[in-house]
Amino acid sequence: MKTEALYDKDPFAKNFVSRVISCEEVKEGDSKLFKVTLASTLFFPEQGGQSSDIGTLDNTEVVDVQIEDGIIYHYCTSGFLVGEMVQGDIDWEHRFNNMQQHTGEHIFTGIAHNIYGAENVGFHLSDNTVTLDLDIELDEEQVRELEYKANLVIAKDVTVRAYYPQESVLETLDYRSKKEIDGDVRIVEIEGTDMCACCAPHVRTTGQVGLLKVVSFGKYKGGTRIAILCGLRALADYNRRMDILQTTYQSLNCKEEEIPEKVQGLLDDKKQLEYSISEIKAKGLMEQIEKFPEDIIDVTIFTEDVDAKNMRDGVNALVEKHSGLCAIFSGDDEEGYNFVIGSSTRDCAAITTGLRELLGAKGGGSKQMAQGSVMATRNEIERVL
Ligand SMILES: [Zn+2]
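Quick note, my numbering runs 3 ahead of the 1-based positions in the sequence shown.
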C-alpha cells in the first residue's frame with residue numbers, strides 16, 4: 004500500500020500522527036537502523052535531486068527517508084511495534100530551508116526557460132549545495148540578468164501553487180518536465196513565471212524565498228552548471244563572506260574597498276624582496292668562489308636558494324679559474340638539489356649521464372656545461388662525483 008504523502012497537500016505542516024505499518028531492522032555499515040513505514044507521513048523522501056527531510060518519530064531520530072514504488076521508508080535509530088500510533092515531527096528549519104532553495108530553483112530555471120528556452124537537465128539540493136544544470140551555455144551577463152529577474156519575481160511575492168490537474172486540463176498546459184511521468188502529474192505553478200512538474204514541497208509565495216544569489220557558474224557538459232543560494236542560506240553565506248573580508252581588511256589595516264590595491268602592493272613588495280635576496284645570495288656565492296685558491300683543480304659548492312641564472316654565472320666564474328670540474332648544487336638533503344656543472348677539460352654531459360644513472364638525476368647539457376636536478380643527499384652526490 005502506498006504511503007499517503009501529507010507534505011503533498013500541506014507543505015507548512017510540521018507534525019502529524021500516524022499508524023506504524025511495518026518495522027524492519029537493517030544494517031547500515033556498523034550501525035543498525037530500523038526501516039519504518041507508516042500509513043501517512045510528512046517526511047519528504049529523497050527524490051528528484053533533493054535530499055530527504057529529517058526529524059523524529061516519537062523520541063526516535065529519523066536520519067534518512069527513501070521512497071520506492073510509492074512506499075515511504077523512514078530510517079530510524081530505534082524501532083516500533085506494528086500498529087502503534089506515533090507522532091512525527093519534521094525538522095522545520097531544515098525543511099523550510101529546502102523549500103526556499105527549491106522554489107528559488109524553479110524561479111531561476113523558469114525565467115531561463117522563458118528567455119532562452121533553456122531546459123533543466125540536472126538538479127542537486129543537499130544540506131551544503133544547490134546546483135542546477137541548464138542545457139545551454141550562458142555567459143556572465145546572462146546569468147546576472149537571470150539572477151536579477153529572479154529577485155524581481157521574489158519581490159513581487161506572487162503565488163506558488165501545487166496541484167494535480169485532470170488529464171484533459173493537463174494536455175492543454177505548457178509545463179516544464181524532465182521526463183515522461185507515469186500516473187498523476189503534480190504541477191507547481193509560479194504565477195506568471197513558471198509551470199513545472201515537481202513532487203517536492205514549496206513555499207506559498209515567492210516572497211518567502213527571500214533572496215536568490217548565484218554563487219558560482221561554469222560550463223558543464225555542453226551547458227551551464229549554476230550554484231545558487233536562497234533565503235536564509237544566502238544570508239548565512241553573506242555573513243561567512245563578510246567575516247572573511249573583515250578578517251582580511253583588519254589584518255591588512257585598511258578599508259574594505261582598499262583590499263585589492265593593498266594585496267597587489269604586498270605582492271609587488273614580495274617580488275622586490277625576493278629579487279633583493281637573490282642579489283645578496285649571488286654576491287655571497289661570488290665571494291665564496293673568489294676565495295678558492297687557483298691551484299685547486301675541481302671545485303664543488305653546496306648552497307641554498309640560488310636560482311639557475313646565478314648558478315650559471317657562478318660556474319662560469321669558477322671555470323675561468325679552475326681547470327677541472329666546477330659544480331654548484333643548490334638545495335638541501337630533504338628536498339634535493341638543482342645543479343649546474345661546467346668544465347674546460349671534462350665532459351659535463353657524460354658526468355650528468357652518470358648522475359642520472361646512479362642517482363636518478365634529471366637534466367642534461369653540452370660537454371662544457373650541464374644543468375639539472377637530483378633527489379639525493381649531499382653525501383651521495385659527493386660520492387658519485
Ligand atoms: Zn522541483
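C-beta: ideal position from N, C-alpha, C; glycine also.
CA-to-CA distance, residue j to residue i, given in whole angstroms
i	j	result
A200	Y151	24 Å
M314	T250	41 Å
R228	D136	4 Å
N131	E192	26 Å
H116	E170	24 Å
S346	A364	19 Å
Y119	E148	12 Å
I283	S333	15 Å
D316	K265	36 Å
I70	E96	22 Å
D56	E7	16 Å
G2	K38	There is no way to answer for residue 2, as the model of the chain reaches only from 4 to 388.
K216	V163	20 Å
G32	Y78	14 Å
A165	D11	8 Å
D67	E28	14 Å
N62	L214	35 Å
E260	D271	19 Å
A121	E174	21 Å
Distance CB(residue i)-CB(residue j) smaller than 8 Å
i	j	result
I157	G113	no
L288	T303	no
L128	Q104	yes
L321	I292	yes
T80	E64	yes
A230	V133	yes
I110	A153	yes
V218	D240	yes
V396	G357	One cannot answer for residue 396 here, as it falls past the ends of the chain, which runs 4 to 388.
F220	V124	no
D160	T208	yes
A330	T355	no
P204	P48	no
S34	V85	no
G73	K30	no
I384	L362	yes
R189	Y167	yes
I139	G268	no
S279	D310	no
L255	I262	yes
G51	C257	no
Run of the alpha helix (DSSP H) containing residue i, from where it starts to where it stops
i	result
D271	I262 to K294
D11	L9 to K12
S171	E170 to L173
T63	From DSSP, T63 is part of no alpha helix (DSSP H) but of the beta strand (DSSP E) over T63 to E71.
D92	Element bounds for D92: not the alpha helix (DSSP H) but the beta strand (DSSP E), M88 to I93.
A230	A230 -> not in any alpha helix (DSSP H); beta strand (DSSP E) instead, spanning G226 to C233.
Span of the beta strand (DSSP E), counted from its first residue to its last, around residue i
i	result
A330	C329 to D335
E192	I190 to I193
K35	S34 to L41
Q374	M372 to V377
Y78	I74 to C79
R22	N18 to E31
S219	L215 to Y223
K152	Counting along the chain, K152 falls outside any beta strand (DSSP E), though it belongs to the alpha helix (DSSP H) covering E143 to K159.
C199	D197 to A200
A121	Neither: A121 is in no beta strand (DSSP E) and is coded neither H nor E.
I57	Premise fails: I57 is in no beta strand (DSSP E) and is neither H nor E.
N382	Where N382 is concerned, there is no enclosing beta strand (DSSP E), although the alpha helix (DSSP H) it sits in stretches over R381 to V387.
Integer Cβ distance of residue i from residue j, believed to fall under 8 Å
i	j	result
T380	D336	4 Å
V212	G234	6 Å
V23	F83	5 Å
G375	R349	At roughly 16 Å, the Cβ-Cβ gap does not stay under 8 Å, so G375 and R349 are not in contact.
L236	N100	Residue 236 is actually Arg in this sequence, not Leu. At roughly 6 Å, the Cβ-Cβ gap stays under 8 Å, so R236 and N100 are in contact.
C351	K370	6 Å
Buried/exposed call for residue i, threshold 16 Cβ in 10 Å
i	result
D187	exposed
G339	buried
Y76	buried
M198	buried
E360	exposed
A353	exposed
P296	exposed
E108	buried
T40	buried
E382	For the sequence presented, residue 382 should be read as Asn rather than Glu. Exposed, because fewer than 16 other Cβ atoms sit within 10 Å of the Cβ of N382.
N341	buried
M102	buried
Q53	buried
G58	buried
A42	exposed
Interface flag, residue i vs chain D, CB-CB below 8 Å
i	result
K312	Given the protein chain composition of this structure (a single chain), no chain D is represented.
Closer than 7 Å: residue i CB and nearest ligand 3 heavy atom
i	result
H109	This structure lacks ligand 3; its bound ligands are ligand 1.
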